[in-house]
Amino acid sequence: MAETQVPPLSNRMNDIIQTLLPAAAAAAADHAEPNPEVVNLSVADNQLIRSELLDICKSAIAKDLTQETFNYPMGLGGDPSLMQAISSFFNTYFKPSTPVTPDHLVVAAGAGFSLDALASSICEPGDSILVPGPCWNSFGAYIYCHAGVRLVPVYPAPYSAALTSHTLIPALEAAYDGAADPKRIKGLIICNPHNPFGQCYSKSALQAVLKWCAQKGLHYISDEVYGGMEFGRDTKSDKFVSALSLLDGSSDSKNGTTFDRSKLHVLWSASKLFGIPGIRLGCLITQANPMVRIGSIISTYNQSSSLSALLLTHLLNSVELPALLSKNNALLAKSYDLLSSTLTRLGIEFLPANAGFVVFAKFVKNAKSWEDEAALVQGLKEHKVIVSAGKGFAGADEEKGWVRITLAVPWEQFSEGIKRIENFFLESGLA
Numbered sequence: 001m002a003e004t005q006v007p008p009l010s011n012r013m014n015d016i017i018q019t020l021l022p023a024a025a026a027a028a029a030d031h032a033e034p035n036p037e038v039v040n041l042s043v044a045d046n047q048l049i050r051s052e053l054l055d056i057c058k059s060a061i062a063k064d065l066t067q068e069t070f071n072y073p074m075g076l077g078g079d080p081s082l083m084q085a086i087s088s089f090f091n092t093y094f095k096p097s098t099p100v101t102p103d104h105l106v107v108a109a110g111a112g113f114s115l116d117a118l119a120s121s122i123c124e125p126g127d128s129i130l131v132p133g134p135c136w137n138s139f140g141a142y143i144y145c146h147a148g149v150r151l152v153p154v155y156p157a158p159y160s161a162a163l164t165s166h167t168l169i170p171a172l173e174a175a176y177d178g179a180a181d182p183k184r185i186k187g188l189i190i191c192n193p194h195n196p197f198g199q200c201y202s203k204s205a206l207q208a209v210l211k212w213c214a215q216k217g218l219h220y221i222s223d224e225v226y227g228g229m230e231f232g233r234d235t236k237s238d239k240f241v242s243a244l245s246l247l248d249g250s251s252d253s254k255n256g257t258t259f260d261r262s263k264l265h266v267l268w269s270a271s272k273l274f275g276i277p278g279i280r281l282g283c284l285i286t287q288a289n290p291m292v293r294i295g296s297i298i299s300t301y302n303q304s305s306s307l308s309a310l311l312l313t314h315l316l317n318s319v320e321l322p323a324l325l326s327k328n329n330a331l332l333a334k335s336y337d338l339l340s341s342t343l344t345r346l347g348i349e350f351l352p353a354n355a356g357f358v359v360f361a362k363f364v365k366n367a368k369s370w371e372d373e374a375a376l377v378q379g380l381k382e383h384k385v386i387v388s389a390g391k392g393f394a395g396a397d398e399e400k401g402w403v404r405i406t407l408a409v410p411w412e413q414f415s416e417g418i419k420r421i422e423n424f425f426l427e428s429g430l431a
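All residue numbers for the sequence shown refer to UniProt numbering, where the first residue is 1 and numbers rise by one.
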C-alpha cells in the first residue's frame with residue numbers, strides 16, 4: 001500500500017516553525033506537569049492568592065451565570081460590562097491623565113494577543129519593533145507569528161543602570177542606527193514594571209524615552225502586566241508610573257518635543273496581577289487612535305469567552321479587591337525579605353526589587369560563558385530547585401551569570417526553595 005503523501009506546509013508557516021518552535025517548546029516545558037519533589041521558582045505565575053480568587057470566582061458563577069452567558073460574546077471590542085470594569089480599575093489604580101473609557105479598549109485572550117493585534121495594526125510585514133533586553137522571551141513570537149514583524153533587541157548595560165535614561169537612550173540610539181533599515185522600525189516596547197528586573201522606570205526616564213520616540217516617529221508600547229504589584233520598603237526605589245499618566249490632552253510638549261498620543265498604547269492582562277493565566281484575558285488600551293483600535297478589534301474578534309468575561313468582571317467589581325491586592329503585596333514583601341536577606345548573607349549580587357514578582361540575581365559571579373550560567377542552573381536543578389537562566393531573556397552579552405527567581409510561590413514551597421539554594425551555594429563552596 002502506497003504511503004500517503006502529507007501536503008507541504010506553506011513557506012510562511014515553515015518559516016514561522018523554524019523561527020518560533022524552540023521558544024514554543026521551551027514554554028511548553030515550563031508548564032509541564034510539576035514534580036512534587038522539585039521547587040520551581042522559574043515560572044512567572046502568581047500563586048499567592050489562589051484560594052481567595054477561587055471563592056470570588058465561585059461567587060461570580062453562583063450569582064451571575066445565566067443561560068445568556070452561553071450566547072456569543074456581546075459588544076465590539078469586548079463584553080461591555082467587562083470593559084467598564086477594566087476602565088474603572090485603570091482609573092483607580094493606574095491614575096491616567098485622561099480617564100480610560102470602554103471605547104479606548106480592545107479585549108483579547110491575554111496581553112500577548114493584544115500585542116499581536118497591535119503589531120498587525122501599526123506595522124507592515126518585515127517591519128521591526130525595538131525591545132530592551134533582558135525581556136520576556138515571547139515578545140518576538142507574538143509580533144512575528146501573524147504580523148511578520150521582527151524584534152530588534154536593545155542592550156542597555158550594566159544592568160544596575162539599565163532602566164536609567166543615561167544608559168537606555170544611548171542603547172536605543174545604537175540599536176536604531178545599527179538596524180538593517182532604521183526606517184522600518186515602527187515602535188518600542190517598554191516593560192514597566194520590568195520583567196525580569198522587578199523594578200520600575202522613573203518618571204523622568206519614561207519621559208526621556210517618550211521624547212526619543214517622538215523624535216524618531218515611533219509608537220510607544222507600554223507593557224504594564226506587572227502593574228499593581230508594589231512591595232518594596234526602600235523609599236528610594238522608583239514607584240510604578242503608568243504611561244497613561246504621562247500625557248495631558250492631545251499631546252505632550254514637555255522638553256520641547258511633542259509626543260502624539262495616537263502613538264501611545266498600553267498592554268495589560270489579568271494573568272500576572274491576579275494569577276489567572278488560564279482565564280486568558282487581557283487588553284490593549286489606545287486612547288487616541290480609533291483606527292488602531294478598530295484594526296485590533298478585527299484581529300481579536302471573539303477571542304475571549306463570555307465565561308472569562310463574567311469572572312473577571314466580578315473580580316474587578318468586587319468589594320474585596322483592595323484587600324486582595326494589599327494581601328498580595330504583603331505576601332510578596334515577605335518572600336522578598338527572605339530572598340534578599342539570604343542573597344545578602346551569601347554575598348550574591350542582585351537587583352533590588354520593589355514591583356512585579358521576580359528578582360534578578362547574579363548567581364555566577366565571574367561567568368565567562370553562557371555555559372557557566374547553564375551549569376549552575378543545572379546544579380540547582382539537581383538540588384531540586386529550578387530558577388530561570390538569564391540567557392533566556394536575551395540580555396547583553398557581557399552580562400552573563402544571571403538568573404530570575406519568582407517570588408509568587410506559596411510560602412512553604414518558596415522558603416524550602418530558598419533553603420535549597422543556600423545549601424547548594426554553601427556545599428559547593430560558591431558562597
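Virtual Cβ for every residue (Gly too), placed ideally from N, Cα, C.
query	result
Taking the alpha-carbon positions, what's the Asn354 to Ala28 distance?	29 Å
Does the stretch 120-140 come close enough to the stretch 148-155 that 3 or more CB-CB pairs lie under 8 Å?	yes
Grouping DSSP H, G and I as helix and E and B as strand, with all else coil, what is Thr406?	strand
Could you tell me the alpha carbon to alpha carbon distance between Ala205 and Asp127, rounded to whole angstroms?	26 Å
Specify the secondary structure class of Asn91 as computed by DSSP and reduced to three states.	helix
Suppose contacts are defined by Cβ-Cβ distances below 7 Å. Is Leu376 in contact with Val364 by that definition?	yes
Taking 7 Å as the threshold (C-beta atoms), are Ala24 and Gln303 in contact?	no
Keeping to the same chain, check which residues put their C-beta closer than 8 Å to that of Gly52; ignore five residues upstream and five downstream.	Looking at the sequence shown, residue 52 is not Gly but Glu. These residues qualify, in order along the chain: Glu320, Leu324 and Lys327.
Report all residues from its chain with a CB closer than 8 Å to the CB of Pro125; omit the five preceding and five following residues, and keep chain order.	Ala147, Gly148 and Val149
Quick one: what does DSSP say Ala389 is sitting in, helix, strand or coil?	strand
Closer than 8 Å is the cut-off here; do at least three beta carbon pairs connect the stretch 94-110 with the stretch 292-302?	yes
Between which two residues does the alpha helix (DSSP H) carrying Gly112 extend?	Ala111 to Ile122
DSSP on Glu230, reduced to helix/strand/coil?	strand
Let's test the definition: count the other Cβ atoms within 10 Å of the Cβ of Phe70 and tell me whether it reaches 16, buried, or not, exposed.	exposed
Among residues of its own chain, excluding the 5 on either side of Tyr220, which ones have a beta-carbon nearer than 8 Å to its beta-carbon?	Gly187, Leu188, Ile190, Val209, Leu210, Cys213, Ala243, Phe259, Lys263, Leu264 and His265
Leaving out five residues on either side along the sequence, give the residues of the same chain with a beta carbon under 6 Å from the beta carbon of Ala162.	Pro156
Can you give the Cα-Cα distance for Gly278 and Phe360, rounded to whole angstroms?	25 Å
Using DSSP with H/G/I as helix, E/B as strand and the rest coil, what is Lys236?	coil
Mind listing, in chain order, the continuous alpha helix (DSSP H) runs of no fewer than 4 residues lying wholly within the stretch 267-320?	270-274, 290-299 and 306-317
Using CA atoms only, rank isn't needed, just tell me which of Ala374, Gln378, Arg261 and Ser42 is closest to Asn195.	Ser42
To the nearest angstrom, report how far apart Ser305 and Thr344 are at their CA atoms.	46 Å
Out of Leu426, Ala389, Val385 and Ser428, which one is the CA nearest neighbour of Pro36?	Val385
In angstroms, rounded to a whole number, what distance separates the CA positions of Phe424 and Asp372?	16 Å
Which of the three DSSP states, helix, strand or coil, is assigned to Ser250?	Only weak support exists for where Ser250 lies, its pLDDT of 41 falling under 50; the coordinates are left without a value.
Hey, Leu407 and Leu332 are a contact pair by Cβ (cut 8 Å); roughly how many whole angstroms apart?	5 Å
Measuring alpha carbon to alpha carbon, tell me which of Thr342, Leu310, Gly417 and Trp402 ends up nearest Gly78.	Leu310
Just the Cα atoms here: how many angstroms apart are Gly227 and Leu9?	40 Å
In terms of residue numbering, what span does the beta strand (DSSP E) encompassing Gly187 cover?	Ile185 to Cys191
Looking at the strands, I want to know which residues DSSP matches up with Pro153.	Val131
Which residues share a DSSP beta bridge with Ile221?	Ile189 and His265
What would DSSP say about Asp424, mapped onto helix, strand or coil?	Contrary to the premise, residue 424 reads as Phe rather than Asp in this sequence. Helix at Phe424.
Under the rule that 16 or more other beta-carbon atoms within 10 Å means buried, what is Gly249, buried or exposed?	Unreliable positioning characterises Gly249 in this predicted model, as indicated by a pLDDT of 47, which lies under 50. The coordinate reading is nonetheless provided below. Exposed, by the Cβ-count rule.
Assuming Leu105 is part of the beta strand (DSSP E), what are its boundary residues?	Leu105 to Ala108
With DSSP collapsed to three states, give me the class of Asp79.	coil
Buried or exposed for Leu312, going by 16 or more other Cβ atoms inside 10 Å?	buried
If I follow the unbroken alpha helix (DSSP H) through Val241, where does it start and stop?	No alpha helix (DSSP H) holds Val241; DSSP gives it neither H nor E.
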